[in-house]
Each structure stands twice: as structure tokens, then as C-alpha cells.
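Undergrad: Handing you this structure, nothing more for now.
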Amino acid sequence: MINKRETWASKMGFILAGAGSAIGLGNIWRFPTTAGQNGGAAFIVIYLFSVVFICLCVMIAELALGRNTQKNPVGAYNSIAPKTAWKYFGVLGILTGWGIASFYSVVAGWTLAYIFKTATGFFSGMNSEQISESFTTFVSNPISSISLHLIFMSLTMAILFGGVKKGIEKWSKILMPLLLSILFLLVFRSVSLPGAKEGFEFLFKPDWTAITGRSVIAAVGQAFFSLSLGMGTMIVYGSYLSKEENLISSATWVAFLDTFIALMAGLAIFPALFAFGLEPTIGAGLIFVVLPNIFNEMFLGVLFGTGFFILLGIAGLTSLISIVEVPVAFFIDEFKWTRKKSVTIAGIGAFIAGIPAALSLGALDSLTNLISIEGRNYGFLDFMNLIFGQYSLMIGSLGVALFAGWKWGKSKIIKEIKTGFVNFSYGALYIFFIKFIAPFSLLFLLIYLFLNPNAFA
Ligand code: PHE
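Mapping to the working numbering: the sequence shown position 256 is 322, numbers consecutive.
Structure follows, in C-alpha cells:
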């Protein structure tokens, strides 16, 4: 083939890059925030079920589609089913990438500020109330919110200019072991705080009465978000995957690492949260309020705290790269734009779309209190997070499952899986999941949502 598509440099390359995409703010920021708002343990049980029974087979399907077609989501649908409406699932993925990138970069921007705040001892001696207040004051400042968002988006673009191999893979290699090590330290400190017990109960004792349709949807949506599914990220990353690679084990590794880190983040956050007398439902600021408290109580807290926010920032960066890469791959393949032009347009577009989100935590009242559902106020950032970070991903995943299971067809998908994994012998089981379990559970949830619009948020 002339003009060979860029591929990952090593066998471990994909697992690292895939995990780099999956592991990010989704695990450390969104998971505790959403679990906190949806009842804790019962939410986590549903989340784990979704990862194993729905998400894993969708991830394998995305990777197979990407590797088989060597295309972005729209191109992938188009090359298997030309001139059909399937491509609109791809288009939705491109839009979703843009929507998620916009608010993701805002939150990632906060981590940059928290690196400096922690390093300079800003939080030393503050009690948990003062730490909460300082978060509120910080995010309501329009200048710093927008500037940090701009800096983070620029960093992402700078890496994307270099392309997949040089950009994405390199970063993921150093990051993960480091992030995990500091996370372990945090877990130890958090679980040994006086008053941590309530946190354990919140995490491990499911209260099924707290589960509503809304929390089930939140848990399933969180699983898709955390595993980077439903908008074509894994189609694009799969398109850079070599034919020798085993899709099943790559996907399983990525899902395992991602889920492990999310659970560790839960263990680091909730025992400490209860120990410091904070509320699990506080929303987007949750980790930014809880973590500085832990660092204050920790030996060498300034050092570990600074290290942690640096790593969180990098984890966010490797994820945001994979989000923006989806529209970029689309522009390159379909419009034949250069990488430079594609990255510039995708990045600037996402920056602009993120401005209202950056102003929605106190800077502008109309954006801060955008909608109120059942007594809870949602700002623009929450709204984008729900629409793009949850519902869009569920619809996109439904599209992938229906397409792989019903349109692309059994023999083709199994053939793609067997390229690189000759002895694969669970074909029938896989087909059962991708054809029935995944799409029907998603359809069921989406229909439920349609019939109960107040379960929306
Ligand atoms: N999975 C990433 C995270 O957990 C976010 C993401 C969502 C990345 C969708 C790509 C696609 O932070």
C-alpha cells in the first residue's frame, strides 16, 4: 500500500495509548463526582456490570471497525455501508468529540492551577470549609477559567501537530505507573483517616433503594465515557493498530486498567470525603475540594499533592488528545486537509465551544443556573457533560453495536478479530453480546429515558 497509515510503534503501543485515552479525568474527576451524586455502591455495581457486559464488546467492535477500514468514524461506516444513513452515527461521533473536548479542557485547566496552588502551599493550614470556598472563588473567575482552558487546549494542539506516534504514545508510557503509585499513596492515607468508615459503607454497601432510572443511566453512561467509547475514539485508535495485534486482549487490558484506576480513585476520595465532613453530592468541584484536604493531612503532602495534580493533568492531556483526534482524523481523511489545518480548526472550535462552560461555575449567572431539575441546578458545563458525555456516547455505542452485529455481519467481524488472534474460539458468544445484549440494553435505557424525560439529568 502506498501512503501507509501511521501505526503504533510497538506491541505495547496500543495498550498504552488506548489506556492513555481511557484513563483521565473520567476516572479521577467524573467517576467520583457521578458516583457521589448517584448513591455510591449501587451505582458502582451497575457501572462494573456495564463495563463487562456492554462496554467490552463495544470496544472490540470499535477497534475491529477501525483496523478493518483504516478510517475515522464517518469513513468507517461509509466504507462498509456506502451511501447509507449509518454514517450519521459517525457524524454524531465527530460532534460529540467536539462537545466533550470543550468542557473537558475547562476542567483539565483547573488541574493546572491546582498544581501551582498545591506546590506553593496555598492550602496549608486551611480547613475543609476554606478549601471549598477557595474552589468556588477560583472557578467563578472568568479570566483565569478561560485562560487555563486556552492553555490546556493549546498544549493538546501542540502534541496533536506531531501526530499519533510521536505525540500520543510517548506520553502514555511514562505516565501510568507514576499516576498509579501516587494514587496508591492517596488510598492509604485516605482509608486510614479517622472517620473513614462511612466512606467504605458508601462505596461498598449498596443501597438499592437509592437507585433510580436516572442513576442506572448515569452508571452506564459513565462506563462509556471512562472507556472512551461511543464517539469513535477507539475506531480511530483501532485504525492505527497493526494487523498482528490481538484485539480481545488489547481491549481487555485497557478496560481492566481503566476500571482499576477508577476504583482506586473512589477509594482515595470517599473515605476522606466523609472524614472531612463533606457532602458526596457537591458536583464538579468534588475532587478539587477533597484532595487538598488529604494532602494537608499527609507526610510530604505538598510534594505528593503537586505530583498528583501534574499526573492528573497529563492523564487529562492524553485523553483530550484522543478526543480531539477524532475530528482531526475526519478532516484529514474526508476533506483531505493537512494535519496542521485539521488540528488548528478542531482545536480552536473546541476552545470556543468551551468558553460558556468555563463561565458556568459562577462567572455568569445565566450559565451557572442554566436549568433546574428536581431542585438541583445545572450549569452549562453540567449540561454539556450530560448531553455529550453521557447521552451522545450511549447513542453512538448503540450505533456501533447495531452496525457491527446486524449490518457488518458475523463472519466479517470474527474474521477481523481472528487477524492477530487465530485461535479465537468464542465467536458465537461475542456475536450474541454485540448483536443482542449490548444494543438491547442500550435501546431499553434510551427508550426509558424518552418516556421519562425527567430522568434526563
Ligand atoms: N475516557 C476519557 C477519560 O476517562 C474521556 C474520553 C471520553 C476520551 C470519550 C475519549 C472519548 O477521561
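From the three backbone atoms N, C-alpha and C, an ideal C-beta is built for every residue, glycine too.
Does the beta carbon of F454 fall short of 6 Å from some heavy atom of ligand 1?
TA: As a working note, residue 454 is residue 388 in the sequence shown. No, Cβ of F454 sits at least 6 Å from all heavy atoms of ligand 1.
Undergrad: For ligand 1, which residues have a Cβ under 6 Å from at least one heavy atom, in chain order?
TA: My final list is S87, A88, G90, L91, G92, N93, I166, F291, S292, S294, M297, T299, S385, S388 and I389.
Undergrad: When you compare only the Cα positions, how much space is there between G332 and F417?
TA: Residue numbering aside, residue 332 sits at position 266 when the sequence shown is read from its first letter. Residue numbering aside, residue 417 sits at position 351 when the sequence shown is read from its first letter. Going from the Cα of G332 to the Cα of F417 covers about 30 Å.
Undergrad: Measuring alpha carbon to alpha carbon, tell me which residue in W319, I217 and I166 is nearest F454.
TA: The residue you call residue 454 lines up with position 388 of the sequence shown. Ranking the options by Cα distance to F454, first place goes to I166.
Undergrad: Between which two residues does the beta strand (DSSP E) harbouring R442 extend?
TA: Counting from one through the sequence shown, the residue named residue 442 turns up at place 376. It spans R442 to Y444 - the beta strand (DSSP E) in which R442 sits, taken as one unbroken run.
Undergrad: I need the DSSP call for I437, collapsed to helix, strand or coil.
TA: Walking along the sequence shown from the start, residue 437 turns up at place 371. Here I437 sits in strand by DSSP.
Undergrad: Under a Cβ-count criterion, where at least 16 other Cβ atoms within 10 Å of its own Cβ denotes burial, should L517 be classed as buried or exposed?
TA: As a working note, residue 517 is residue 451 in the sequence shown. Label assigned to L517: exposed.
Undergrad: Grab me the residues of M67's own chain with a C-beta within less than 8 Å of its C-beta, minus the 5 sequence neighbours each way, in chain order.
TA: Here residue 67 is taken as the residue at index 1 of the sequence shown, counted from 1. Bear in mind that a pLDDT of 38 at M67, under 50, signals an unreliable position, so the model cannot answer this.
Undergrad: Under the three-state reduction of DSSP, which class applies to N451: helix, strand or coil?
TA: Here residue 451 refers to the residue found at position 385 of the sequence shown. Of the three classes helix, strand and coil, the one that applies to N451 here is helix, per DSSP.
Undergrad: I'd like the span of the alpha helix (DSSP H) that includes M219, first residue to last.
TA: Working through the sequence shown from its first residue, we reach residue 219 at position 153. From DSSP, the alpha helix (DSSP H) with M219 extends over P208 to F227.
Undergrad: Applying the criterion that 16 or more other CB atoms from any shown protein chain within 10 Å of the CB defines a buried residue, is L245 buried or exposed?
TA: Against the sequence shown, residue 245 aligns to sequence position 179. Under this definition L245 is a buried residue.
Undergrad: Locate the alpha helix (DSSP H) running through R133, then write down its first and last residues.
TA: Counted from its first residue, the sequence shown places residue 133 at position 67. Taken as a continuous stretch (DSSP letters only), the alpha helix (DSSP H) holding R133 covers L122 to T135.
Undergrad: In this structure, does DSSP put P260 in helix, strand or coil?
TA: Taking the sequence shown and counting its residues from 1, the one referred to as residue 260 is at position 194. Residue state, collapsed to three classes: coil.
Undergrad: Going along the chain, which unbroken runs of the alpha helix (DSSP H) with 4 or more residues stay wholly within the stretch 327 to 364?
TA: With a minimum length of 4 residues, the continuous alpha helix (DSSP H) runs that stay inside the stretch 327 to 364 are 352 to 362.
Undergrad: Using only the alpha-carbon positions, how far apart do S529 and L447 sit?
TA: Here the chain has residues from 67 to 523 only, and residue 529 is not among them.
Undergrad: Relative to the C-alpha of G486, which residue among N312, I217 and R255 is closest?
TA: Taking the first residue of the sequence shown as position 1, residue 486 is located at position 420. Taking only the C-alpha atoms, the option nearest G486 is N312.
Undergrad: Just reading off the alpha helix (DSSP H) that Y457 is part of, what are its end residues?
TA: In the sequence shown, counting from the first residue as 1, residue 457 sits at position 391. Counting along the chain, Y457 falls outside any alpha helix (DSSP H), and DSSP gives it neither H nor E.
Undergrad: Considering V488, what are the terminal residues of the alpha helix (DSSP H) in which it resides?
TA: Within the sequence shown, the letter at position 422 stands for residue 488. Neither: V488 is in no alpha helix (DSSP H) and is coded neither H nor E.
Undergrad: Thinking C-alpha only, which one of P139, F80, T299 and P260 is nearest E400?
TA: To locate residue 400, count along the sequence shown from 1; it is residue 334. Looking at the Cα atoms, P139 is the closest of the given residues.
Undergrad: Could you compute how far the alpha carbon of A429 sits from the alpha carbon of F374?
TA: As a working note, residue 429 is residue 363 in the sequence shown. As a working note, residue 374 is residue 308 in the sequence shown. Roughly 27 Å between the two C-alpha positions.
Undergrad: Nearest to P505 by alpha carbon, out of K183, L459 and K263?
TA: Looking up residue 505 in the sequence shown gives position 439. Per the Cα distances, L459.
Undergrad: Assuming E391 is part of the alpha helix (DSSP H), what are its boundary residues?
TA: As a first step, residue 391 is located in the sequence shown; it is residue number 325 there, counting from the start. That run of the alpha helix (DSSP H) goes G367 to E400.
Undergrad: Look at the alpha carbon of Y491 and the alpha carbon of S463, and state the distance between them as a whole number of angstroms.
TA: Taking the first residue of the sequence shown as position 1, residue 491 is located at position 425. Taking the first residue of the sequence shown as position 1, residue 463 is located at position 397. Rather than Tyr, the amino acid found at residue 491 in this sequence is Ser. Those two C-alpha atoms are separated by around 25 Å.
Undergrad: Taking the runs of the alpha helix (DSSP H) that are 4 residues or longer, which of them lie wholly in the stretch 467 to 518?
TA: Entirely contained in the stretch 467 to 518, the alpha helix (DSSP H) runs reaching 4 residues are, in chain order, 476 to 484, 493 to 498 and 504 to 517.
Undergrad: Please confirm if the stretch 296 to 315 is in contact with the stretch 107 to 115, defined as three or more CB-CB distances below 8 Å between the two stretches.
TA: No, the stretch 296 to 315 is not in contact with the stretch 107 to 115.
Undergrad: Roughly how far, in whole angstroms, is the beta-carbon of V286 from the beta-carbon of S116, given that I think they are within contact range, below 8 Å?
TA: Reading the sequence shown from its first residue, position 220 is the one you call residue 286. Reading the sequence shown from its first residue, position 50 is the one you call residue 116. Rounded, the Cβ-Cβ distance is 5 Å, consistent with contact.
Undergrad: Considering only their Cβ atoms, is the gap separating S171 from F218 smaller than 7 Å?
TA: Mapped onto the sequence shown, residue 218 falls at position 152. Mapped onto the sequence shown, residue 171 falls at position 105. Taking 7 Å as the Cβ cut-off, F218 and S171 qualify as a contacting pair.
Undergrad: Can you tell me whether DSSP reads P148 as helix, strand or coil?
TA: Locating residue 148 in the sequence shown gives position 82, where the first residue counts as 1. The answer is coil: DSSP assigns P148 none of H, G, I, E or B.
Undergrad: Relative to the C-alpha of G163, which candidate in L339, D431 and G413 has its C-alpha closest?
TA: Here residue 163 is taken as the residue at index 97 of the sequence shown, counted from 1. For the residues L339, D431 and G413, the minimum Cα distance to G163 belongs to G413.
Undergrad: Would the stretch 133 to 149 and the stretch 389 to 398 be scored as touching if the rule is three or more Cβ pairs under 8 Å?
TA: With the cut-off at 8 Å, the stretch 133 to 149 and the stretch 389 to 398 touch.
Undergrad: With respect to the alpha helix (DSSP H) encompassing K406, which residues constitute its N-terminal and C-terminal limits?
TA: Indexing the sequence shown from 1 puts residue 406 at position 340. Residues R405 to A424.
Undergrad: Let me check understanding here. Comparing Cα to Cα, which of I126, G132, S210 and L214 lies closest to L307?
TA: The count along the sequence shown starts at 1 and reaches residue 307 at position 241. If we check each option's Cα against that of L307, G132 comes out closest.
Undergrad: Assign P272 to one of three DSSP states: helix, strand, or coil.
TA: On the sequence shown, residue 272 is found 206 positions in, with the first residue counted as 1. P272: coil per DSSP, three-state reduction.
Undergrad: Would you mind listing the alpha helix (DSSP H) stretches within the stretch 290 to 319 that are 4+ residues and don't spill past its ends, in chain order?
TA: Whole alpha helix (DSSP H) segments, 4+ residues: 299 to 305.
Undergrad: How would you label P346, buried or exposed, when you count the other beta carbons within 10 angstroms and need 16 or more for buried?
TA: Working through the sequence shown from its first residue, we reach residue 346 at position 280. Per the 10 Å Cβ criterion, buried.
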